[in-house]
Structures are given as structure tokens and as C-alpha cells.
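S.K.: Before I ask anything, let me first share the structure, which is written out below as C-alpha cells.
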Amino acid sequence: MLSLGSWLPSLPSLAWGTALVDSILQGLVGACAVSILCSLVKIYLYIQCLNDPDKQREKETIRSQWPLLDHLHLVLLTGIFTVVGHRVAALVVLEFSLRAVSMLLSLHKVSSGSAYSQLFLLCQYSLGCGISCSLSYLLAGAPHRTWNLVLSVGLAGLIASYVRKAARHVCVMYELHSKERYCGVCISLLASWHGIPLLLCNALKVTFVVADLAAVALINTDFLTTSEAIRFWTPLTICYTLLVIYMQEEQRQNPSEQAAYQTVFVRMGGLLILLMTVGRWMDILNVFVSLVGEMWCLVHAGIMLDICRQQVSLPFALIAAPGPARGRPQTPSSAPLSTTGAELSGAHFYLPLPRSGAILGRTAWMD
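Heads up: the sequence shown is residues -17 to -1, 1 to 350, going by mature numbering (1 follows the signal peptide of the UniProt record, and there is no 0).
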């Protein structure tokens, strides 16, 4: 007897039946992870703008976001992560890991939470692909794979719903509740909102380490011999390394919204050219699906990305500025030499030492 699956087209990355249900569940878990990330970043940026008198307009912009947009974001990402095959998803994860390492090395100059928030918002699509790859690898051959994914969806959906409600509550009531001190959620955030970037950073480190290992393992399953793997990994490594260096320099020189979209096109274009030589026809189709996913994530987080760019641009300008504008204290040698004797009485000087730097010494002047 013919089944429904025999009448439906056969796609390598989307099998019909139980495998289709598993793909949808994996995509839903990845979309919930992205939703949790965006909600936590939204809470952090809103409280940060609320505490800054000069950022009240940005605070109102975050508050005025359409709530149904988050639900649409969840639905669209679920469909995209369901369709994208594990091969392209794995390549997206590996590419972002190289880019994240490069960005983290450049962020040591500016220890700003907004700089890390910008990185968190840029990793939305890569995070969903990483979750999908990890679940595909960890649950491969599991006897109760579908039920495990159902439990994962339940847990991820519960956390995403709670964090999304918390973000909505913060945008509406945090300003009042933080003053009155009678709301448990707002009181907790009042004391711990500074730790949100560190929490996300540690969680994403663990997530992408597991995702990178799963991505490498999933890609290697397509090769029968070591020579085939070398022919694939060698151009991939060279291409990604040069691409990351170029994009990082371009982003540093022109940190604008247009540069972010241009970076997405350059990345996906490089991945498309690579897969046209060593990939399959379905991989090329999945690259275009990934392009849509990346663009949608940037559009959804456009307001928060603009706020992060505004807050990050000032510290980088201070680092690049010469002379006293860089924020370095003036040394005694740069101080004016025309000083009267009354001003010298009981003065403090910085005495340079060869090993321990400079210490504060008090010089008493004798009559």
C-alpha cells in the first residue's frame, strides 16, 4: 500500500515522516534558543538606557517594539532551521566561531557590555544552527529520538516563554517597580542586570564548543576517505580565515547598519562559491535559505543593534584618539612648570620606580 511519503518529493535535508517531525522539533528548539538570547539582550539594553539620562529616547524605542514581532520571529526561524540541512548549518557554525574569536580579541580594548551585546545579536542565526547541529549529532541513532526532542522543545519553550514575559514586564513596569521595591522580578534585576552579558557569554561559549565538535563530526560523515576530507577542509580553512580577516577590518572601519548587511552577503557569497566547487546542489539551495535567515535576524534586531553601535562607537573613538583625548592621566612632566612656592608646600608627586610602576609619595618641604 502506498504511503503519503511516496507521493511527496524527496529532499536530502527534509525527509518525510518521523524524520520530518524530528527536523521541525530541532528547528523549534533552535528558534527558542534565539528567542531567549534576544529577550535577555533586550532586558539588558533597556535597563542600561533607563539608567542613562541621555538614552531615554533609545529606551522608548525599545519599549515601543511590536510584541507580535517576537512570535513571528519564532515561527519564521523554526521553518528556516527545519529546512536548512546539517551540512550548511555546520559550515555556518564554524564560520561564526572563527569570526567570534576574532571579535573577542578586538573587544579586550573596550570592556563594554554593549560591545558584547552587539556580538550576541549578530550570532542569532549561528546559534540556531549550532543547536540544530548539536541535537542532530547527540541524538543520532537514539531509540527514543522523537520523545527526547519533544522534551527538549517543552523545556526550551517554557524558558523562552518565561524570559519573553520577563522582557515585556521590564519594558512596562521596571521603571516603577525598581523605585517602589515591591516586585520580586524587578528587584532581582535591579541587583543583577549587570551580569547578563557574562551569563550569556558563558552559555554561548559552552553552546558553540559543543556545536563546533558536532559540526566537524557531521561534515566528516560525508567523506569516505581521508583525501576527500583534506580536499574539502583545506580550501574551507583558507577561505574562512581570509574572509574573517577582511570582514573584521571592514567592520572596524565602518561599523554601520549597511556594513552589517554587506557582511552577510559577503559571507554567504563566499560560502556559495565554496559549495559550488566541493558541495552539492541542495547545499547551494540551503545557502540562499541561510541568507534569508541571517537577513531576517538583522532586521528583527535592528533597533537593538543601532543602540549597541552608538554606545560602542564612543569607546573606540577614545581609543583611536591621540593625546589626552584617549583618557590617559597627565604625567608630572606634562604639567605646567610655572608653580609658586605656596603651591608646592605639601604637594604630592608620583615617583616612578623601575619595577613596581608609580607610587604616591609625599614630599615635605623644609623652610
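Ideal Cβ placement from N, Cα and C applies to all residues, glycine included.
Just the C-alpha distance for Leu104 and Arg214, rounded to the nearest angstrom, thanks.
M.R.: About 33 Å.
S.K.: Within a Cβ cutoff of 6 Å, which residues of the same chain sit near Ala318, ignoring the five residues on either side of it in sequence?
M.R.: Per-residue confidence for Ala318 stands at a pLDDT of 40, beneath the threshold of 50, marking its modelled position as unreliable; no derived number is given.
S.K.: So does the region 14 to 21 actually touch the region 50 to 64, counting three or more Cβ pairs closer than 8 Å?
M.R.: Short answer: they touch.
S.K.: Whole-angstrom Cβ separation of Arg250 and Leu288, contact assumed at under 8 Å?
M.R.: No, Arg250 and Leu288 are not in contact; Cβ-Cβ is about 16 Å, not under 8 Å.
S.K.: Determine, using beta carbons only, whether Asp195 and Ser80 come nearer to each other than 7 Å.
M.R.: Contact flag set, yes.
S.K.: In whole angstroms, give me the CA-to-CA distance for Trp264 and Arg70.
M.R.: Near 12 Å, if we compare the C-alpha coordinates of Arg70 and Trp264.
S.K.: Which of the three DSSP states, helix, strand or coil, is assigned to Gln48?
M.R.: Residue state, collapsed to three classes: coil.
S.K.: Over the uninterrupted alpha helix (DSSP H) stretch that includes Val189, give me the two end residues.
M.R.: Element bounds for Val189: Ile179 to Asn203.
S.K.: Can you give me the start and stop residues for the alpha helix (DSSP H) that Tyr120 sits inside?
M.R.: Tyr120 -> alpha helix (DSSP H) spans Gln107 to Leu121.
S.K.: Write down the C-beta distance between Gly253 and Cys222 rounded to the nearest angstrom, noting that I regard them as a contact closer than 8 Å.
M.R.: Between Cys222 and Gly253 the Cβ distance is about 6 Å, and since that is below 8 Å, they are a contact.
S.K.: Quick one: residues in its chain with C-beta nearer than 8 Å to the C-beta of Cys116, no 5 flanking neighbours on either side, listed in chain order?
M.R.: Answer for Cys116: His69, Ala72, Ala73, Val76, Ala194, Ala197, Ala198 and Leu201, listed in chain order.
S.K.: Between Gln9, Arg292 and Val282, which lies nearest to Val247 when the distance is taken from Cα to Cα?
M.R.: Closest option to Val247, Cα to Cα, is Val282.
S.K.: Would Gly306 be called buried (16 or more neighbouring beta carbons within 10 Å of its own) or exposed?
M.R.: Note on Gly306: pLDDT 43, under 50, position unreliable in the model; the coordinate value appears next. Per the 10 Å Cβ criterion, exposed.
S.K.: Entirely within the region 13 to 77 and at least 4 residues each: give me those alpha helix (DSSP H) ranges in chain order.
M.R.: Within the region 13 to 77, the complete alpha helix (DSSP H) runs of at least 4 residues are 39 to 46 and 51 to 66.
S.K.: Output needed for Ala125: all residues of its chain with C-beta closer than 7 Å, excluding positions within five of it in sequence on either side, in chain order.
M.R.: So the list reads Asn131, once near-sequence residues are dropped.
S.K.: My parser needs the alpha helix (DSSP H) runs of 4 or more residues fully inside the region 246 to 295; what are they?
M.R.: Runs of the alpha helix (DSSP H) inside the region 246 to 295: 264 to 283.
S.K.: Can you name the start and end residues of the alpha helix (DSSP H) that His127 belongs to?
M.R.: That residue, His127, is in no alpha helix (DSSP H); it is neither H nor E in DSSP.
S.K.: Which residues bound the alpha helix (DSSP H) around Ser239?
M.R.: Ser239 -> no alpha helix (DSSP H), and no H or E assigned at all.
S.K.: In this structure, does DSSP put Gly(-13) in helix, strand or coil?
M.R.: Here Gly(-13) scores only 44 on pLDDT, less than 50, and its place in the model is too uncertain to base an answer on.
S.K.: Is the CB-CB distance between Tyr108 and Pro180 below 7 Å?
M.R.: No, Cβ-Cβ distance for Tyr108 and Pro180 is not below 7 Å.
S.K.: Between which two residues does the alpha helix (DSSP H) carrying Leu172 extend?
M.R.: Residues Gly167 to Ser175.
S.K.: Around the C-beta of Gly167, are 16 or more other C-beta atoms found within 10 angstroms, so that it is buried, or is it exposed?
M.R.: Answer is exposed; the Cβ neighbour count stays below 16.
S.K.: What's the C-alpha gap between Gly111 and Leu159?
M.R.: Approximately 35 Å between the Cα atoms of the pair.
S.K.: Just the C-alpha distance for Val272 and Leu8, rounded to the nearest angstrom, thanks.
M.R.: Spanning the two alpha carbons is a distance of roughly 18 Å.
S.K.: Near Gly329, which residues of its chain fall below 6 Å by C-beta distance, leaving aside the five closest residues on each side in sequence?
M.R.: Residue placement at Gly329 cannot be trusted, given a pLDDT of 43 that sits under 50; what the coordinates show is reported in the next sentence. Closer than 6 Å at the Cβ level, and outside the excluded window around Gly329, lies no residue.
S.K.: Gln241: buried (16+ other C-beta within 10 angstroms of its C-beta) or exposed?
M.R.: Looking at its Cβ environment, which holds fewer than 16 other Cβ atoms inside 10 Å, Gln241 is exposed.
S.K.: Alpha carbon to alpha carbon, how far is Tyr165 from Leu182? Give it in angstroms, no decimals.
M.R.: Distance between the alpha carbons of Leu182 and Tyr165: 25 Å.
S.K.: Helix, strand or coil for residue 376? Go by DSSP, reduced to three states.
M.R.: One cannot answer for residue 376 here, as it falls past the ends of the chain, which runs -17 to 350.
S.K.: With a CB to CB cut of under 7 Å and the five nearest residues on each side skipped, what residues in its chain are close to Pro50?
M.R.: Result list for Pro50: Arg151, in chain order.
S.K.: List the whole-angstrom C-beta distance separating Ile290 from Val153, where the pair is believed to meet the contact cut-off of C-beta under 8 Å.
M.R.: Between Val153 and Ile290 the Cβ distance is about 15 Å, and since that is not below 8 Å, they are no contact.
S.K.: Which residues in the same chain have their Cβ closer than 7 Å to the Cβ of Trp279, if we skip the five residues on either side of it in sequence?
M.R.: Taken in chain order, the residues that qualify are Leu59.
S.K.: Out of curiosity, what's the CA-to-CA distance linking residue 409 and His177?
M.R.: Look at the range of the chain in this structure, -17 to 350, and you will see that residue 409 is not part of it.
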